[in-house]
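J.: The structure under discussion is supplied below as structure tokens; questions concerning it will follow.
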Amino acid sequence: MTTPPQTTVGAIRDGSWQRYLTFSLSTWVTIGLLIVVTALNVALQPTFFTTYSLTSNFATFAPLVFAAVAQAVVVIGGGLDLSIGSIVALASVVALTVMDGEPSRVAIGVLAAIVTGVIAGAINGFIVGVIRLQPLIATFATNSVFAGAALVVLPKPGGMVPSTMTTGYRSLVIGIPVSVLIVVLAIVLYWLLSRTRLMRHIRAVGGDRSAAFASLVPVVRVQMASYIVAGAFAGLAALAILANTGSGDPFVGSSMALDSIAAVVLGGIALAGGRGSGIGAVAGAIILAMVSTVLSFMGVPTTWRQLASGVIIVAAIALSVVMSRKDQR
Amino acid sequence: MASLDITGVDKRYGGVQALKGASLSVAEGEVHGLLGPNGSGKSTLNKVMAGAVRPDAATIRLDGQDLRIHGPQDAHHHRIESVYQQLSLIPHLTVAENLVLGTEAARAGWLTPKAQLVEVDAMLERLSPVLGGGIGPRTRVGSLNPGTKQLLEFAKVVLRRPRFLVLDEATASLHRDQVALLFAMVRELTAEGVGVVFVSHRMEEVLDLCDRATIIRNGLNVATVDVKDTDEQELVRLMVGDLARAAGRGERPAPSRDGQPVLSVRGLQAEGLADVSLDVHPGEIVGLGGLQGQGQSELLTGIFGASPAQAERIEVAGDPVEFRNPRSAIAAGLALVPGDRASEGLYSVRSIQENISTVTLGRRARAGLVIDARAEKEAATSQVDALRIKIGALADAVSTLSGGNAQKVVVAKWLLSEPRIVLLDDPTKGVDVGAKAEIYAIIRDLTAQGVGVILNSSDDVELAELADRVLVLYEGRIVQELEGTDVTHDNLVAAALRISDDDTKES
Amino acid sequence: SAPATSGSPAASSGGDGPFTIGVSNAFVASEYRTQMIDAIEQTFDEYKAEGVVDKLVMENADADVNGQIQQIRNLINQGVDAIIVDPNSATALSAVFDEAISQGITVIAIDQAVDSPDVLNVGISQQDLGAASAEWFASAVGDGASIVTVEGAAGNPATDARWAGAEPVFAEHNIEVLTHGDGGWDQATGQTVATDLLATYPNVDGIWTYDGMAQGVLRAVEAADKTDSVTVGGEARVGFLRMWTDLVDSGSDFASVGVINPPGTGATALHFAINLLQGKELDQSKVTDGHSIILPLDTPVTNDNLADTWAGVSDQADTYVLDSILSADEVAQYFQ
Amino acid sequence: MTAMQSPAAPTAARWRAIVTDPIFIAAAVAVAIVLVGQLVSPGFGAYSQVVGMVRVASFLGIMAIGQTIVILSGGDGIDLSVGKTATLGAIVAARIMDGSDSRLLLGILVPVLVGAVIGLVNGLGIAYLRIPPFVMTLGMTGVVAGIALAYTGGAAAGRSAPALTGLVNNRGLFDVPGVVYVWIVLIVAVTWLLRRSVAGWNIYAVGSNRVAANLSGVPVRRNVIMAYVASSVFACLGGILLLGYTESVFLNLADSYTLPTVAAVIIGGTLASGGVGGYLGTAIGALVLTFLTSLLSTMNMPESWRTITSGVVLLVLLGMYGRQRKLRT
Ligand SMILES: Nc1ncnc2c1ncn2[C@@H]1O[C@H](COP(=O)(O)OP(=O)(O)OP(=O)(O)O)[C@@H](O)[C@H]1O
Ligand SMILES: Nc1ncnc2c1ncn2[C@@H]1O[C@H](COP(=O)(O)OP(=O)(O)OP(=O)(O)O)[C@@H](O)[C@H]1O
Ligand SMILES: [Mg+2]
Ligand SMILES: [Mg+2]
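These protein sequence lines are chains P, W, B and Y, in that order. Numbering of the first sequence is given in the working numbering, commencing with residue 7 and proceeding in unit increments. Numbering of the second sequence is given in the working numbering, commencing with residue 89 and proceeding in unit increments. Numbering of the third sequence is given in the working numbering, commencing with residue 3 and proceeding in unit increments. Numbering of the fourth sequence is given in the working numbering, commencing with residue 67 and proceeding in unit increments.
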């Protein structure tokens with residue numbers, strides 16, 4: 007073909023900074039919800055910005071944040087992972103067993119958690135991508151498998167996490183709580199991921215699987231990869247839980263699968279796949295965690311608290327979904 | 089001279105033998121037409137070359153070398169690229185992301201888009217005269233109209249620098265200007281030695297563009313001809329055999345427009361539509377013309393209550409009505425054959441019988457609740473026979489049918505409802521000449537019974553052949569009305585083009 | 003209150019109040035827990051009337067360990083003086099307990115003992131409960147009998163502790179345990195599992211079980227028409243007592259046992275908390291392994307006292323658990 | 067062209083069609099589990115034990131009626147609130163009946179109405195706000211749990227009517243409890259309604275293509291709403307029967323039934339994306355799951371391995387026929 011003439015279209019180019027300021031409507035909803043719950047938290051909890059409060063709040067957010075990013079990757083790829091919680095449990099008990107309370111083995115423990123997550127993710131990916139089972143029901147089944155495996159590794163709660171991990175998790179680095187930095191790490195990791203060809207392909211597969219196949223995207227490999235990446239993030243979630251609890255528990259994370267899905271939706275990610283960002287999921291996870299804190303600080307009677315939180319979450323999800331649909335037009 | 093030869097292709101889908109030893113041979117630098125009626129196996133053959141379908145048997149040779157193609161990436165590796173009949177753009181990705189999908193430049197997995205974006209820009213610049221305004225590399229693809237999408241699909245494949253290029257009905261949703269640009273680009277490619285396979289049901293396009301043509305029927309090769317030595321009649325004869333029926337302007341008395349209109353619309357407003365009024369008289373076919381995407385489909389769905397619209401007044405045979413949803417429109421005697429039969433017209437996983445039944449199910453049911461199996465079967469059979477729909481069994485999923493036959497199923501379900509007004513949105517898109525003639529005959533039959541028809545068509549020839557009157561739309565308004573003997577192919581083109589000249593867009 | 007010095011559990015250096023009390027419970031879908039919370043609230047109101055305490059902060063919602071850590075942090079952030087916690091894990095809350103204790107908060111664990119040496123455990127011994135139930139059961143089925151069990155849930159500490167108490171008893175009596183069924187602490191599951199076990203082990207002499215499962219197991223035994231030949235380990239809960247009483251009234255010589263696991267421990271623990279907050283020192287001779295107060299078991303329900311017991315609770319809901327709360331005076335006995 | 071079918075071929079082809087039919091496979095698996103069970107633990111295949119298991123399966127089966135309709139109705143339909151709704155149904159029923167036969171009817175009617183309201187809310191959110199069913203019903207789970215807690219104040223009270231307990235627990239004709247007959251009647255009725263009524267065909271139409279259904283005059287939203295109403299109503303009905311089984315009620319009585327209802331539907335061969343399938347398959351799916359759980363519980367095997375085994379069996383079962391379309395056909 008003849009050499010193309012230089013065009014004006016090329017002037018507005020990827021990488022221009024304005025791009026980062028143009029949010030979609032659903033992003034604004036997520037940001038708005040985040041601001042509202044944070045404001046409520048600050049108002050009700052005057053100590054919110056003390057170091058202890060920041061450290062402790064983010065320390066509890068972090069596991070769900072990583073699980074939500076994991077879920078986000080899978081959901082954007084058109085899948086769903088109901089086994090996230092038991093992958094987290096499995097990765098945590100494996101890492102705990104590997105570390106055996108020795109501070110010198112923290113690095114191997116970290117590796118073990120991630121590798122466990124990756125293997126579990128690969129199993130999910132194989133079943134969904136290669137064997138082609140419907141994701142919901144397939145990961146419901148693997149959830150049993152991983153949960154059982156976690157019980158085999160650690161038959162009952164116990165064991166000690168190396169103290170370096172637990173104290174490190176609660177310390178400050180240049181005045182910033184480590185737990186805050188860890189949540190930032192989740193955001194950075196996702197941001198890096200979003201710049202890869204893999205993540206582009208995951209979005210394509212989530213958008214339209216057969217169209218992606220026809221467009222030279224290696225669909226099966228990409229689907230597998232999305233579960234593997236999710237597994238790796240679940241491994242990180244497991245480490246955050248270990249650092250937070252200081253001990254092992256084969257039942258940990260039982261509510262994480264559904265919570266991570268709620269977080270993903272609050273973060274403006276469409277369950278139909280192809281749309282949204284893991285960073286929204288981080289916000290979603292924080293919103294979800296803060297709602298329960300707000301209710302407790304408001305002193306809602308305990309018998310009504312669950313109803314209140316249920317109604318608030320349904321309303322927030324409805325808002326988020328309705329707004330993200332407006333985006334599409 | 090290099091060539092792509094594919095021979096002895098067999099492919100069976102369940103009970104359907106889609107290809108039986110079909111073959112195709114494309115030389116470099118030629119445009120090779122692949123013709124055949126609906127369901128003859130053209131797309132299947134193309135997908136075998138593209139790696140998207142696994143044949144039961146096939147031999148593929150490139151430059152005399154045996155080739156195995158196990159997937160689209162293998163085909164790409166050999167620089168065989170395809171535009172599928174079914175669009176394969178990802179709605180949530182941007183134009184640029186779609187154009188480079190699968191071939192993204194990356195270093196160690198990290199995207200390095202700079203250089204590729206220059207190529208994308210150049211391609212968009214090239215297409216810009218016919219692409220429609222406001223479309224840049226960062227536009228999301230989902231909201232674009234079908235014609236634009238089809239052009240982007242073509243652009244995507246051309247950007248991959250093919251040696252052999254397969255275009256499966258790549259012009260089906262395109263307007264004249266767009267087709268012209270596409271043809272120009274194809275000719276540039278062939279001049280550089282690219283071999284092109286071209287599939288289309290529009291004979292004039294085939295005659296215009298192709299050097300040779302291979303005709304297949306029922307999965308078998310019928311002939312390969314030099315296009316310059318042949319003519320349209322001959323091609324049609326090869327395609328549909330003795331069944332050939334010239335789709336000429338039928339003998340139909342001009343309908344009277346003195347009496348009560350069967351449908352009268354005043355001041356219809358909707359997204360993409362501004363203040364449209366029209367009347368349809370019994371037995372009349374009112375065409376909708378103009379460039380595609382000027383509000384024709386919105387007009388039909390708006391009248392039908394299928395998309396949000398407000399009208400000052402809608403009357404059916406003089407009675408004022410208000411359609412809040414299709415159900416109320418159907419109750420008043422309307423029918424809509426939608427533009428996209430796969431996504432709007434059919435329950436692809438359900439049986440042929442259920443698809444035909446759906447509109448009128450309640451009428452045959454006992455007490456409106458309990459299905460009478462015999463009545464259902466009889467009703468469906470009557471339509472299958474009347475429309476000569478080629479099926480295996482009524483219980484087969486409708487997805488097993490070829491395009492033309494599937495379209496007839498959509499028409500059949502509406503005929504059962506005995507409508508007074510039929511809205512047709514491009515009813516013969518992707519339909520072969522034989523089936524097209526049959527659908528024309530059905531439409532004429534309807535008008536003979538006093539049914540009023542509104543026909544939107546992307547094919548000017550079709551409008552010229554069928555319509556008593558044509559309303560030309562531009563940006564959601566009726567800007568011109570052609571009537572009676574003025575409804576000619578040339579006038580329609582002129583009407584559309586004059587409008588596009590008014591457009592401020594620089595050429 | 004001032005920060006704690008290290009050393010003995012939950013030592014607080016004697017503030018004068020009024021105190022703020024926090025409660026963390028991470029499992030609400032349980033009548034047992036509700037009864038526990040209600041008792042705490044009642045006792046709290048009594049102290050409030052005396053001006054000893056002023057505020058009760060409830061963290062009461064379903065949560066996993068991570069969620070319970072958040073609950074406890076919320077309590078810390080609300081400035082409570084003492085936390086009464088029904089822990090989801092014996093070990094996983096240690097780090098957050100340390101956070102609380104380092105801020106001078108008194109922490110008491112109920113229902114399930116925790117490992118943290120600075121947290122005071124208050125409650126019955128689950129192991130003793132298992133042993134007491136097994137003792138009665140072994141004598142009922144006789145030496146050398148074969149039985150099956152329907153227990154709580156694998157990996158669950160209370161399940162393990164009860165079995166740890168029961169196992170040596172069964173071994174001592176040469177009782178063969180053919181299999182362990184998993185009843186999930188749940189009546190419906192217990193009923194189904196017992197039905198399955200009765201079909202495949204038709205000749206068992208008894209089914210050892212406890213808690214909500216007991217009622218389900220008894221129903222299964224009843225359905226199999228084996229109340230006279232199969233012994234069922236029971237529970238001191240109204241639903242079970244009702245079936246038991248009905249059987250006895252209908253002339254059956256069905257016998258069972260209900261060892262009491264009182265939800266009122268929570269209220270008892272509140273007494274301990276107040277004493278500690280007021281700076282009293284525990285009598286170390288009554289403290290086990292440095293940080294646990296093991297409350298004595300109440301007399302179990304057996305056929306001997308069934309009628310009397312039943313008369314006292316017959317108008318309660320089926321899920322009501324027989325209860326006992328130590329009085330403030332009784333608790334004072336544990337202090338110097 | 068029906069006439070063109072050759073008369074010789076069909077028998078072989080018909081057999082193939084039957085043998086590869088999910089319903090057939092699931093039924094074969096159910097029988098196989100009983101046979102294996104009888105070999106591994108004699109007594110498992112005894113008449114009374116099989117009847118007993120069918121009785122237990124009927125609770126799951128009846129709760130899964132609505133799940134079947136919801137999944138058939140497409141649009142990624144799923145009802146994650148069935149378990150909690152069933153529990154609430156049982157709680158309300160127990161409170162009303164309170165051990166007396168005279169209030170039996172009221173005790174059935176009121177919970178069913180409560181269920182209808184929950185289903186209506188689900189349906190309205192899904193049909194009008196277009197919240198994805200997964201999150202809408204997940205959110206409603208929290209709301210329903212909250213209602214149950216607020217309604218009971220944390221301690222469920224009341225007991226089932228003796229007649230209800232009798233229906234579930236007493237053996238009737240052929241030593242089969244009445245509840246099994248109730249289930250059989252429902253299997254016939256629901257299967258017939260789906261296949262032979264206008265409402266049933268409309269569900270399939272809506273499930274296979276909502277746009278086409280709307281354009282053909284099928285009231286899509288009304289059908290979707292009715293599907294969710296049906297789901298909650300049958301959930302409550304299942305919960306009431308479960309109450310008959312246990313006689314007394316507790317706060318998480320039927321919570322764990324949610325995902326098994328989905329699994330039963332998928333094992334029964336209903337397409338997860340909707341439009342294809344039926345209730346007979348689901349009923350057999352419920353039998354398979356119940357038989358499997360029972361078999362595992364009689365085997366002397368640690369709980370961890372039971373969990374793993376049930377996950378693997380589910381995967382194998384789905385792998386036999388629950389696979390999705392291949393990309394390269
Ligand atoms: N995925 C499939 N499953 C079952 N049958 C199929 C499938 N794809 C194609 N067929 C059948 O194979 C035959 C050939 O179809 P194909 O799409 O190749 O026809 P075509 O010549 O491209 O028709 P058209 O002109 O309508 O596009 C038809 O009978 C069609 O029904
Ligand atoms: N590109 C091709 N060239 C020649 N023959 C082919 C080609 N593709 C498929 N075939 C024919 O189809 C049959 C099966 O093809 P293929 O090698 O793709 O099978 P497969 O490896 O089992 O498929 P898949 O890679 O999808 O698992 C072969 O026996 C061959 O006759
Ligand atoms: Mg085709
Ligand atoms: Mg191969």
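We put the beta carbon where it would ideally sit given N, CA and C, even for glycine. Predicted, not measured: the structure shown is a model, and the values here were computed from it.
Using the three-state DSSP reduction, which class does Lys57/B fall into: helix, strand or coil?
T.: Correct three-state label for Lys57/B: strand.
J.: Let me know if Asp227/B comes out buried or exposed under the rule of 16 or more other beta-carbons within 10 Å of its beta-carbon.
T.: exposed
J.: Which residues, in order along the segment 190-205 of chain P, keep a beta-carbon less than 9 Å from a beta-carbon of chain Y?
T.: none
J.: At a cut-off of 8 Å, would you count Ser216/P as near ligand 3, judging by its Cβ distance to the nearest heavy atom?
T.: no
J.: Kindly provide the chain-ordered list of residues whose Cβ lies closer than 7 Å to any non-hydrogen atom of ligand 3.
T.: Lys130/W, Ser131/W, Gln173/W, Asp256/W, Glu257/W, Val287/W, Gly491/W
J.: Any contact between the segment 199-215 of chain P and the segment 64-71 of chain P? By contact I mean 3 or more CB pairs, one from each, below 8 Å.
T.: Contact between the segment 199-215 of chain P and the segment 64-71 of chain P is absent, because fewer than three Cβ pairs lie under 8 Å.
J.: Could you name each continuous beta strand (DSSP E) segment of 3 residues or more that falls completely within the segment 500-572 of chain W, going from the start of the chain to the end?
T.: 509-513, 540-544, 557-562, 565-571
J.: With a CB to CB cut of under 7 Å and the five nearest residues on each side skipped, what residues in its chain are close to Asp484/W?
T.: Ser439, Ile440
J.: Is it buried or exposed, Pro264/B, if we count other Cβ atoms within 10 angstroms and call 16 or more buried?
T.: Answer is buried; the Cβ neighbour count reaches 16.
J.: Consider the Cβ of Gly67/P: report whether some Cβ of chain Y lies at a distance smaller than 9 Å.
T.: The question names Gly, but residue 67/P in the sequence shown is Phe. So no, Phe67/P is outside the interface.
J.: Is there a Cβ from chain Y that is less than 9 Å from the Cβ of Leu331/W?
T.: Reliability fails at Leu331/W, whose pLDDT of 48 lies under 50, so the model's placement of it is uncertain and the value that follows must be treated cautiously. Not an interface residue.
J.: Within 10 angstroms of the Cβ of Pro198/Y, are there 16 or more other Cβ atoms? Answer buried if so, exposed if not.
T.: buried
J.: Between Met163/P and Thr93/B, which are expected to be in contact by the criterion C-beta below 8 Å, what is the C-beta distance as a whole number of angstroms?
T.: Position check: residue 163/P holds Pro in this sequence, whereas Met was assumed. That pair is a contact at about 6 Å.
J.: Under the rule that 16 or more other beta-carbon atoms within 10 Å means buried, what is Gly53/B, buried or exposed?
T.: exposed
J.: Does DSSP classify Leu146/Y as helix, strand or coil?
T.: Leu146/Y: coil per DSSP, three-state reduction.
J.: Does Lys202/W pass the burial test, meaning 16 or more other C-beta atoms within 10 Å, or should it be called exposed?
T.: Result: exposed.
J.: So if I threshold CB-CB distances at 7 Å, which residues from the segment 204-227 of chain P count as touching chain W?
T.: Against chain W - using a Cβ distance shorter than 7 Å - the residues of the segment 204-227 of chain P are Leu204, Arg206, Arg209, Ala210, Gly213, Asp214, Ala217, Ala218, Phe219, Ala220, Ser221, Leu222, Val223, Pro224.
J.: Note down, in chain order, every chain Y residue with its Cβ under 7 Å from the Cβ of Gln37/B.
T.: Ala221
J.: Go to Gln193/B, then tell me how far its alpha helix (DSSP H) extends in each direction, as first and last residue.
T.: 189-202
J.: Taking 9 Å as the threshold (C-beta atoms), are Asp213/B and Ser314/Y in contact?
T.: no
J.: If you draw a straight line from the alpha carbon of Val85/Y to that of Thr257/Y, how long is it in whole angstroms?
T.: 21 Å
J.: Using the DSSP secondary-structure output, state which residues sit across from Thr202/P in a beta bridge.
T.: Trp198/W
J.: Determine the chain Y residues that contact Val195/B at a beta-carbon separation under 7 Å, and present them in chain order.
T.: Ser363
J.: Taking only beta carbons into account, state which residues of the segment 225-256 of chain P come closer than 9 Å to chain Y, listed in chain order.
T.: Val225, Val226, Pro256
J.: Sorry if obvious, but does the Cβ on Val521/W come closer than 8 Å to a heavy atom of ligand 1?
T.: no
J.: Cβ closer than 7 Å: which chain Y residues qualify as neighbours of Asp320/B?
T.: Arg225, Ser314
J.: What is the DSSP secondary structure of Leu471/W, counted as helix, strand or coil?
T.: Per the sequence presented here, residue 471/W reads as Gln, with Leu not at that position. When DSSP states are grouped into helix, strand and coil, Gln471/W belongs to the helix group.
J.: Using a Cβ-Cβ distance cut-off of 9 Å, determine whether Asn149/P contacts chain B.
T.: Chain B contact via Cβ: absent.
J.: Does the CB of Thr103/P have a neighbour CB from chain B at under 9 Å?
T.: no
J.: From Arg333/W to Ala523/W, what distance separates their C-alpha atoms?
T.: Reliability of the predicted coordinates at Arg333/W is poor, the pLDDT of 48 falling under 50, and no value is obtained from them.
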